[in-house]
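Peer 1:
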Amino acid sequence: MGCSTSRISPDLPAANNWKQWPAGSYPTRFVELASPEDADDTAGNGFLFVESCAYNKIFDADNFYVPVQHTDSSCHIYKVSVSDGSKKAERVHQVVKKSDGEKMISPFGSALSDEGVLWLCCFNENMVCGVDLRSGEMVVEATVPAPNDICVSDDGKYVYAGCGSWLGKVPLAPAGTIWRVTTAAPYTCKKVVGGAQGAMAGIAEVKGKLFCAHLQRMSVYGAKRKIYTLSGLRKQIWTGLCSQDADPEKVDKFYLADNLAWWDAERPRKVILTPAYRSLPAPLGHILDRSIGVNAVGWSAARAATTLLRLKDGGIEEVAKVNDDGLSPEVDLKFSKGDDFPHVHLCLYNTETGATANHVFLLDQAVQGANFDGHVTHAEHVGDGKVACVNFLKRKVLIIDTKGLITLP
34 MGCSTSRISP DLPAANNWKQ WPAGSYPTRF VELASPEDAD DTAGNGFLFV
84 ESCAYNKIFD ADNFYVPVQH TDSSCHIYKV SVSDGSKKAE RVHQVVKKSD
134 GEKMISPFGS ALSDEGVLWL CCFNENMVCG VDLRSGEMVV EATVPAPNDI
184 CVSDDGKYVY AGCGSWLGKV PLAPAGTIWR VTTAAPYTCK KVVGGAQGAM
234 AGIAEVKGKL FCAHLQRMSV YGAKRKIYTL SGLRKQIWTG LCSQDADPEK
284 VDKFYLADNL AWWDAERPRK VILTPAYRSL PAPLGHILDR SIGVNAVGWS
334 AARAATTLLR LKDGGIEEVA KVNDDGLSPE VDLKFSKGDD FPHVHLCLYN
384 TETGATANHV FLLDQAVQGA NFDGHVTHAE HVGDGKVACV NFLKRKVLII
434 DTKGLITLP
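So the sequence shown is residues 34 to 442, counted in the working numbering.
#1: Note down, one range per segment and in chain order, each beta strand (DSSP E) of at least 3 residues found wholly within the stretch 127-208.
#2: Using DSSP bridges, identify the partner residues of residue 62.
#3: Between which two residues does the beta strand (DSSP E) carrying residue 237 extend?
#4: What number of angstroms, rounded off, separates the C-alpha of residue 409 from the C-alpha of residue 155?
#5: Secondary structure at residue 423, three-state DSSP: helix, strand or coil?
#6: Would you say the beta carbon of residue 60 is closer than 7 Å to some non-hydrogen atom of the ligand COA?
#7: Hey, how far is the Cα of residue 426 from the Cα of residue 98?
#8: Take residue 176 as the anchor and find which of 166, 298, 151, 202 has the nearest alpha-carbon.
#9: Between residue 429 and residue 64, how many whole angstroms is the CB-CB distance? I'm expecting something under 8 Å.
#10: Which one of 243, 147, 172 has the shortest CA to CA distance from residue 182?
#11: Would you decide whether residue 286 is buried or exposed? Buried here means 16 or more other CB atoms lie within 10 Å of its CB.
#12: How many whole angstroms separate the CB atoms of residue 184 and residue 192, which I take to be in contact at a CB cut-off of 8 Å?
#13: Please return the same chain residues whose Cβ sits closer than 7 Å to the Cβ of residue 16, not counting the five positions on each side in sequence.
#14: So, are the CB atoms of residue 215 and residue 189 less than 8 Å apart?
#15: Between the Cα of residue 137 and those of 422, 386, 103, 248, spot the shortest distance and give me the residue it belongs to.
#16: Does the distance from the CB of residue 142 to the CB of residue 105 come in under 8 Å?
#17: Note down the Cα distance separating residue 209 from residue 245, rounded to an integer number of angstroms.
#18: Identify the continuous alpha helix (DSSP H) that holds residue 401 and give its terminal residues.
#19: Mind checking whether residue 380 and residue 290 have CB atoms under 8 Å apart?
#20: Roughly how many angstroms lie between the CA atoms of residue 6 and residue 273, to the nearest whole one?
#21: Looking at the strands, I want to know which residues DSSP matches up with residue 123.
#22: Express the C-alpha separation of residue 81 and residue 212 in angstroms, rounding to a whole number.
#23: Residues in the same chain with beta-carbon distance under 6 Å from residue 101, minus the five sequence neighbours each way, listed in chain order, please.
#24: From the DSSP secondary-structure annotation, give me the bridge partner or partners of residue 96.
#25: Buried or exposed: residue 398, going by 16 or more other Cβ atoms within 10 Å of its Cβ?
#26: What residue from 439, 442, 186, 433 has the CA that sits closest to residue 56's CA?
#27: Could you round the C-beta distance between residue 308 and residue 390 to whole angstroms and report it? I think they count as a contact, below 8 Å.
#28: Just verifying my parser: in three-state terms, what is the DSSP assignment at residue 315?
#29: Please report how far the alpha carbon of residue 292 lies from the alpha carbon of residue 310, in whole angstroms.
#30: For residue 224, which of helix, strand or coil comes out of DSSP?
#31: Does the distance from the CB of residue 236 to the CB of residue 147 come in under 8 Å?
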């Protein structure tokens with residue numbers, strides 16, 4: 034996953050042996066991320082971006098929550114019922130940066146605590162924040178470089194964020210680090226894993242171990258004396274290499290894992306759920322997998338191109354506004370739309386046994402009545418076999434009822 038230059042071990046659990054489920058063979062529900070409060074936004078002009086959702090059975094067993102970036106510089110938080118059959122979400126809060134209400138919030142990964150604090154990775158703002166869903170109050174803002182995904186620790190004392198690195202004051206997104214924030218005042222923030230681990234796309238914690246998705250791979254980091262280090266405590270556990278051949282060079286594609294979530298509602302948890310949100314041709318996947326440097330160069334080129342697009346569309350004022358004096362790691366969404374990925378891919382990984390189960394849910398607009406595809410950046414088990422799928426290109430959430438279909442690895 035971008036953090037090794039060695040050949041890929043063919044004995045790693047991989048994104049192979051996909052079980053396919055035809056459209057119409059499984060129940061679905063599409064929920065629009067809109068509510069009566071959005072009546073002035075019927076064309077979707079205020080909607081910018083959605084990347085994740087969060088569910089916590091202890092806080093609210095009946096609903097999950099979706100943070101959405103809007104053009105009004107605020108983050109809209111929607112509540113979606115797990116089972117009432119509704120096709121529209123309810124907007125419950127609008128939040129802005131507590132320290133600067135004019136700056137836009139770009140929510141990427143999210144996690145929900147037992148106490149009802151929705152933790153958000155604000156990638157473009159280099160910030161992790163916590164929103165109390167009971168009051169709508171922003172309770173903490175912590176500065177970290179380009180956070181992409183976040184998780185609440187098993188004991189609830191910390192959140193861990195998969196981030197980029199600081200190059201001086203400039204964030205470098207592909208050079209992965211992990212930061213820890215305490216979930217109670219005074220909300221201390223500390224880097225616990227450094228060393229440029231590759232892109233940190235997803236993160237989950239259990240029993241003192243941090244499981245991380247680096248797009249093409251997943252790794253696990255262990256704890257020693259409660260401090261996360263790299264001295265022999267990192268182990269690669271999964272590859273997105275898709276091949277039925279024992280030779281890892283003879284492959285068709287790499288599947289890219291994104292945000293990580295737990296299938297289990299009860300603790301201690303053991304089965305990770307992640308979507309494959311896109312694929313790469315094998316030659317490109319191998320190059321990116323073997324070199325952090327290539328990843329960094331590619332990201333830097335995309336950042337430069339993003340700035341040029343902003344300059345063309347909105348002039349220097351728009352560049353200054355969006356880029357935050359050059360400190361924003363934003364890459365235009367145009368660079369994530371380059372592949373045809375029509376179906377939802379869900380991967381399950383057992384953290385205790387290493388067993389995997391891979392499922393493809395085939396989509397057909399004529400059968401299911403909605404325009405959706407496989408660019409799912411977050412999949413969340415919201416109880417009783419139902420999986421909420423967030424597509425970063427769509428203003429709707431797909432809920433797949435997998436009960437009786439998925440057997441846990």
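All C-beta atoms in this analysis are idealised placements derived from N, C-alpha and C, irrespective of residue type, glycine included.
Peer 2: Reading it off the structure:
#1: 140-145, 150-155, 160-165, 171-176, 182-185, 191-200
#2: 432
#3: 235-239
#4: 19 Å
#5: strand
#6: The ligand COA is not part of this structure, which contains no ligands at all.
#7: 18 Å
#8: 202
#9: 6 Å
#10: 243
#11: buried
#12: 7 Å
#13: This structure does not reach residue 16, given that the chain is present from 34 up to 442, and the question cannot be answered.
#14: no
#15: 103
#16: no
#17: 10 Å
#18: 398-401
#19: yes
#20: Any answer about residue 6 is impossible in this case: the structure gives the chain only from 34 up to 442.
#21: 112
#22: 27 Å
#23: 66, 83, 109
#24: 114
#25: exposed
#26: 433
#27: That belief does not hold up - the Cβ atoms of residue 308 and residue 390 are roughly 13 Å apart, past 8 Å.
#28: helix
#29: 9 Å
#30: strand
#31: no
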